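Participant: Below is one structure. I have some questions about it.
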Amino acid sequence: MKVKVQKYDPSADDAPTMKEYTVDYHEHMTVLEALVKINAEQEPIVFDYSCRGRTCGRCAITFNGTPALACVTCVEENGDNEVKPLTGFPVIRDLIVDKSKVHERVAAIEVRQRAEKMTLEEINKPVDPEICKKIAPLEYCARCCVCTAVCPVVQSKGPKNYIGPTGMIAIGLRYYDPYDEGDRVVQAVQNGLYNCIMCGRCTEVCKALEIDHLSVWKDLRSAAEARGLKPADAS
Amino acid sequence: MEENKQMQDAHKRISRRAFLEGGALAVGAAALAGSGALGLSGCAGGGTKTSSAGAATKTGTSSTTDYEVYSTDLLIIGGGDAGIGAAMEAYEEGKDVIIIEKGEHGFGGATGFNWNQFINFTRDDLSWDQSKDFVLNELTNQKIEKASYETWPGDERNLMLRYSNLGNDVYVRKDDGSIAPLLDLPTIYGIYRGFPRHMNDCVHESGMRIIDRTMITDLLVQDGTCVGAMGIHLPTGAFRVFRAKAVVDCTGASCWVYGWSTVAPYSINSPDNTGDVDAAAFRHGCALIDSEFFQCDLINIEPTGIAASFVSGIGADSSCCEYICDKDGNFFFKGMDYASLNKITFTQTIAKCISEGKGTEHGGVFVDFSSPEAYAAIGECYLRNIDLWKKVFDIDVKGTKLECALEAYEHGGNPRADETLMAQDLKGYFLARGGSYSGSQGGTSVDVAPRNAALATKSAIKYLAGASITALDTAVVATEYARLHELFGRSGGKRPQEIRIEIQNACYNACQPAREIDKMNAAVTELARIRKEEMPKMTLGDTSLVYNTDWKTAIENYNLLDIAEASAKAAVMREETRGHNYRPDFPQQDDLWKCNIIEKYGDGDITCEKQDVVTV
């Protein structure tokens, strides 16, 4: 099986180059397994990983042109198997990118906004079960940024126009959160809720299979419209 | 002597420059005379996250190098559950803190996995010895357990409330919206849906200084006292010196030592968990304790790419033990009193089956999901992964016999601690896990990690009131810098990845739960061979300083080897069946072994001895 990997050391190379390797294939072999094998048995390639189960996001790469998690994506015995760094992020070395700017923004959003500390009495009060069902899937966002890398709006207009699905999921989680006191609808509109073109590419690449991104955007848009917050130029 | 003087002079120049620049991060460099002489200069860190380390120079081609200096009251190493507990404790006290994280902050170690944690806690006012606290066993250091238990009295112990205030959501609810605990006993309360991501966010937003993607390679020890730590900024290769009045080690268990499949050991844990700081303390004279004990779970070993991964795997626990069978299809738990099975007897029973030759091809057992009852009993943590397996691997677990093995999700080995959780053998160095705290349980858990970290931090804060930042001994810095950079000059040996797998396989043979003495002795011999023959020649395949994973692995190998050897020798020494282990040559628990085993790092040798259990 052939695997092509993009290599780039900013301290030594003028530009990234592609390198092809031959790897013994086995059934259910993941991209991560191929990378570990090449690195251990052939020559150093630099990549990152941790959980092997789509929850840490550290192995996010671009596979055959599509953003993916190396740990839960299978190689194809007769395929191109082209591995490049995650689109749209600065490359530190080979396949490792720096996602810290997006991560800092998302972390700042997802901190719960409250005036007072929570009490046990408040926690023990019933919560609308429909709200619980909407929150639960969003908790599984790993912030791997595969969705943000595939998003045509982020990639063409930049994260200033649209924060991307990773950030919008964080806004959605706190919008549903009954204990949060921040104005998440304003925050969603500010961060480009209406610049999303509702193409659904985010849901296609997301390995947190329980997340239905567009249903969250729709809830946020309904809330925005109820308050007259839909931008005049939004379609 | 001349070299030392020049280093001191260079350091003074840099300090003056840092002063003139108003405390901003300043980088200085001084080329030192003498061929092959190690050039060192300091750069005073103004305490920002920014590093000015720029273009990398290849070591060996230049005699000029830089290091960065950061200074703080309290240095917290590791940003996981314990690191969060330590950080929040220090934050409440208004202390100056630096948190070091090996990965990107929020994404390092097991706390960097965004997983659905089961939160459980003792919720009433029973005393520590009546508490049924998770770690209590015959080998527990009772003084530490008492102090840890009493760290958070009353509602402070309620982790549900604590985590709600750190951003956790509504927890699991019934159809009527009321809260749905899984455990609701007079002593213990437990509920799903604690996502560590929220706590990481709170630490991030607190404004504490976080220095991430930085691997600690050694503690800074001067005059027998821990006064900080040293390490490498992975993206640039820059050498960093962290000076502190006290250090809290929150690095977690060294589970990356436990065998090897294709991308990971037989452990759910993270590649960050290589015991870097434990091993450094060990080399500085801290005895390790309880290293023979690991804590295990039963989980899939195929598909190999997600073997032993808790967050994508499927496994079984004692609640569905009647569906577990050996290679011949015998359901060996049947007839046992299921109610009396706990985690330890569950693991021991499987280990006994494997050691009797009834294990599967890969050293595990089968979980028979062809029974609808077994399929229905798949644990909450594994349910989510059924759809993933179908989508990614086209595997439907329903109706199959799934081969599963015992993975080690925790390790007991840690420097021994006193009841304040300061290392018994090193002043100023505090331990969030605390060696001897967990006894034969084989490590702590997510439930006690933040509480222990809070105790360690409270103790460190008391200690640092009487401590001061001592003058930096540049010779100590030079020695560590030279140790790391010497690795670039080697040739003719195996690459670090290959040697690491040799260490992991040997450790697994000695420390997996079905412990056979011949294999264990062979493993100890193999580790000695690796130390003598492979390590001195270990050769990097990469000369860059930018995120050099060969270099990183080589440095980690020294730590893994020390941890592996200590664990393997202690496992051989303990001639009984206790904890998660089964020894066919000593199949019973034996009161003669109601003691802890400590390991000491001597002149080129690691030795074990017995130590009495500390009781109240």
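Chains A and B are the protein sequences, given in the same order. Residue numbers for the first sequence follow the working numbering, beginning at 1353 and rising by one. Residue numbers for the second sequence follow the working numbering, beginning at 18 and rising by one. Backbone N, C-alpha and C fix where the C-beta goes; we use that ideal spot for every residue, glycine too. Everything numeric in this text was worked out from a predicted model, so none of it was measured.
Let's test the definition: count the other Cβ atoms within 10 Å of the Cβ of B/Lys191 and tell me whether it reaches 16, buried, or not, exposed.
Facilitator: Looking up residue 191 of chain B in the second sequence gives position 174. B/Lys191 comes out exposed.
Participant: In angstroms with no decimal places, state the Cα-to-Cα distance between B/Ser508 and B/Arg500.
Facilitator: In the second sequence, the residue the question calls residue 508 of chain B occupies position 491. In the second sequence, the residue the question calls residue 500 of chain B occupies position 483. Using only the alpha carbons, I get a separation of about 16 Å.
Participant: From the beta carbon of A/Ser1402, is the nearest beta carbon of chain B less than 9 Å away?
Facilitator: Within the first sequence, the letter at position 50 stands for residue 1402 of chain A. Answer yes: the Cβ-Cβ gap between A/Ser1402 and chain B drops below 9 Å somewhere.
Participant: Closer than 7 Å by C-beta to B/Arg591: which residues in its own chain qualify, once you throw out the five before and the five after it? Chain order, please.
Facilitator: Indexing the second sequence from 1 puts residue 591 of chain B at position 574. The answer, listed in chain order, is Glu309, Trp610, Ile614.
Participant: Which runs of the beta strand (DSSP E), 3 residues or longer, sit entirely within the stretch 166 to 212 of chain B?
Facilitator: With a minimum length of 3 residues, the continuous beta strand (DSSP E) runs that stay inside the stretch 166 to 212 of chain B are 205 to 211.
Participant: Thinking B/Pro467 and B/Gly452 are a contact (beta carbons under 8 Å), I'd like their distance in whole angstroms, please.
Facilitator: As a position in the second sequence, residue 467 of chain B is number 450, starting the count at 1. As a position in the second sequence, residue 452 of chain B is number 435, starting the count at 1. About 18 Å separates the two Cβ atoms, so there is no contact after all.
Participant: Which residue marks the beginning of the alpha helix (DSSP H) containing A/Val1537, and which one marks its end?
Facilitator: Within the first sequence, residue 1537 of chain A is the residue found at index 185, counting from 1. Where A/Val1537 is concerned, the enclosing alpha helix (DSSP H) stretches over 1536 to 1542.
Participant: Does the beta carbon of A/Leu1572 come closer than 9 Å to any beta carbon on chain B?
Facilitator: As a working note, residue 1572 of chain A is residue 220 in the first sequence. Chain B, which has no Cβ nearer than 9 Å to the Cβ of A/Leu1572, makes this no.
Participant: At a threshold of 8 Å, does B/His221 count as lining the ligand PLP (C-beta to nearest heavy atom)?
Facilitator: For the ligand PLP, the structure offers nothing, since it holds no ligand at all.
Participant: Report the rounded CA-to-CA distance for B/Ile306 versus B/Glu573, giving the unit in angstroms.
Facilitator: Translated into the one-based positions of the second sequence, residue 306 of chain B becomes position 289. Translated into the one-based positions of the second sequence, residue 573 of chain B becomes position 556. Each residue's alpha carbon lies about 20 Å from the other.
Participant: Which residues, in order along the stretch 295 to 322 of chain B, keep a beta-carbon less than 8 Å from a beta-carbon of chain A?
Facilitator: Those would be Glu319, Pro320, Thr321, Gly322, in chain order.
Participant: List, in order along the chain, the chain A residues whose C-beta lies closer than 8 Å to that of B/Lys408?
Facilitator: Within the second sequence, the letter at position 391 stands for residue 408 of chain B. Residues of chain A passing the Cβ test: Leu1561.
Participant: Do three or more CB pairs link the stretch 1515 to 1523 of chain A to the stretch 1488 to 1503 of chain A at distances below 8 Å?
Facilitator: Taking 8 Å as the limit for Cβ pairs, the verdict is that the stretch 1488 to 1503 of chain A does touch the stretch 1515 to 1523 of chain A.
Participant: May I ask you to report which of helix, strand or coil DSSP gives B/Ser88?
Facilitator: In the second sequence, the residue the question calls residue 88 of chain B occupies position 71. Reduced to three states, the DSSP call for B/Ser88 is strand.
Participant: Verify the CB distance criterion: does A/Met1381 have a CB-CB separation below 9 Å to chain B?
Facilitator: On the first sequence, position 29 is the one that residue 1381 of chain A refers to. Yes, contact with chain B.
Participant: Are the Cβ atoms of A/His1380 and A/Cys1426 separated by less than 9 Å?
Facilitator: Within the first sequence, residue 1380 of chain A is the residue found at index 28, counting from 1. Within the first sequence, residue 1426 of chain A is the residue found at index 74, counting from 1. Their beta carbons are under 9 Å apart, which means A/His1380 touches A/Cys1426 by this criterion.
Participant: Along the chain, where does the alpha helix (DSSP H) that runs through B/Gly102 open and close?
Facilitator: Locating residue 102 of chain B in the second sequence gives position 85, counting from the first residue. 98 to 109 is the span of the alpha helix (DSSP H), which, as asked, contains B/Gly102.
Participant: Comparing the C-beta of A/His1378 with each C-beta of chain B, is any distance below 9 Å?
Facilitator: As a position in the first sequence, residue 1378 of chain A is number 26, starting the count at 1. Answer yes: the Cβ-Cβ gap between A/His1378 and chain B drops below 9 Å somewhere.
Participant: Starting from B/His221, find everything on chain A with Cβ-Cβ shorter than 9 Å and list it in chain order.
Facilitator: Residue numbering aside, residue 221 of chain B sits at position 204 when the second sequence is read from its first letter. Residues of chain A passing the Cβ test: His1455, Glu1456, Ala1459, Ala1460, Val1463.
Participant: Could you please tell me which residues of the stretch 1435 to 1454 of chain A, in chain order, have their CB closer than 9 Å to any CB of chain B?
Facilitator: Flagged, chain order: Ile1444, Arg1445, Asp1446, Ile1448, Asp1450, Lys1451, Ser1452.
Participant: Would you call the CB atoms of A/Ile1444 and B/Pro252 closer than 9 Å?
Facilitator: If you number the first sequence from 1, residue 1444 of chain A lands on position 92. If you number the second sequence from 1, residue 252 of chain B lands on position 235. In this structure, B/Pro252 lies closer than 9 Å to A/Ile1444 by Cβ.
Participant: Alpha carbon to alpha carbon, how far is B/Gln514 from B/Tyr618? Give it in angstroms, no decimals.
Facilitator: The residue labelled residue 618 of chain B in the question sits at position 601 within the second sequence. The residue labelled residue 514 of chain B in the question sits at position 497 within the second sequence. So the two alpha carbons sit approximately 25 Å from each other.
Participant: Any C-beta of chain A within less than 7 Å: which residues of the stretch 512 to 534 of chain B qualify?
Facilitator: Going along the stretch 512 to 534 of chain B in chain order, one finds Gln514, Glu515 with a Cβ nearer than 7 Å to chain A.
Participant: Strictly under 9 Å for the Cβ-Cβ distance: is B/Ile196 near chain A by that measure?
Facilitator: Position 179 of the second sequence holds residue 196 of chain B. At least one chain A Cβ lies under 9 Å of B/Ile196.
Participant: Just list the alpha helix (DSSP H) runs in the stretch 117 to 170 of chain B, keeping only unbroken ones of 4 residues or longer that don't cross its boundaries, in chain order.
Facilitator: Runs found: 159 to 166.
Participant: Classify B/Ile623: buried if its beta carbon has 16 or more other beta carbons within 10 angstroms, exposed otherwise.
Facilitator: Taking the first residue of the second sequence as 1, we reach residue 623 of chain B at position 606. By the 10 Å Cβ count, B/Ile623 comes out buried.
Participant: Can you tell me the Cα-Cα spacing of B/Ile136 and B/Ala103, whole angstroms?
Facilitator: Taking the second sequence and counting its residues from 1, the one referred to as residue 136 of chain B is at position 119. Taking the second sequence and counting its residues from 1, the one referred to as residue 103 of chain B is at position 86. Whole-angstrom Cα-Cα distance: 18 Å.
Participant: Can you find a C-beta in chain A that's less than 9 Å from the C-beta of B/Tyr618?
Facilitator: To locate residue 618 of chain B, count along the second sequence from 1; it is residue 601. Chain A, which has no Cβ nearer than 9 Å to the Cβ of B/Tyr618, makes this no.
Participant: Given that B/Leu202 touches chain A, what residues does it touch there, using C-beta distances under 9 Å?
Facilitator: Here residue 202 of chain B refers to the residue found at position 185 when the second sequence is read from its first residue. None at all; the shortest Cβ gap to chain A is about 17 Å.
Participant: Should B/Gly381 be labelled buried (16 or more other beta-carbon atoms within 10 Å of its own) or exposed?
Facilitator: Taking the first residue of the second sequence as position 1, residue 381 of chain B is located at position 364. So B/Gly381 counts as buried.
Participant: If we ignore side chains and look at the alpha-carbon of each, how far apart do A/Thr1439 and A/Arg1410 end up?
Facilitator: Within the first sequence, numbered from 1, the residue matching residue 1439 of chain A stands at position 87. Within the first sequence, numbered from 1, the residue matching residue 1410 of chain A stands at position 58. Approximately 14 Å, taken between the alpha carbons.
Participant: Strictly under 9 Å for the Cβ-Cβ distance: is A/Glu1429 near chain B by that measure?
Facilitator: As a first step, residue 1429 of chain A is located in the first sequence; it is residue number 77 there, counting from the start. By this cut-off, A/Glu1429 is not an interface position.
Participant: If the cut is a Cβ gap below 7 Å, which residues of chain B does A/Thr1407 touch?
Facilitator: Taking the first residue of the first sequence as 1, we reach residue 1407 of chain A at position 55. Those are Phe130, Asn131, Trp132, Val328, listed as they occur along chain B.
Participant: B/Arg548 to B/Thr487, Cα distance in whole Å?
Facilitator: As a position in the second sequence, residue 548 of chain B is number 531, starting the count at 1. As a position in the second sequence, residue 487 of chain B is number 470, starting the count at 1. Going from the Cα of B/Arg548 to the Cα of B/Thr487 covers about 35 Å.
Participant: If we count the other Cβ atoms within 10 Å of its Cβ and call it buried at 16 or more, is B/Gly621 buried or exposed?
Facilitator: On the second sequence, position 604 is the one that residue 621 of chain B refers to. Under this definition B/Gly621 is an exposed residue.
Participant: Per the DSSP calculation, B/Gly332 is bridged to which residue(s)?
Facilitator: Counting from 1 along the second sequence, the entry for residue 332 of chain B is found at position 315. DSSP output for B/Gly332 lists B/Ile316 as bridge partner(s).
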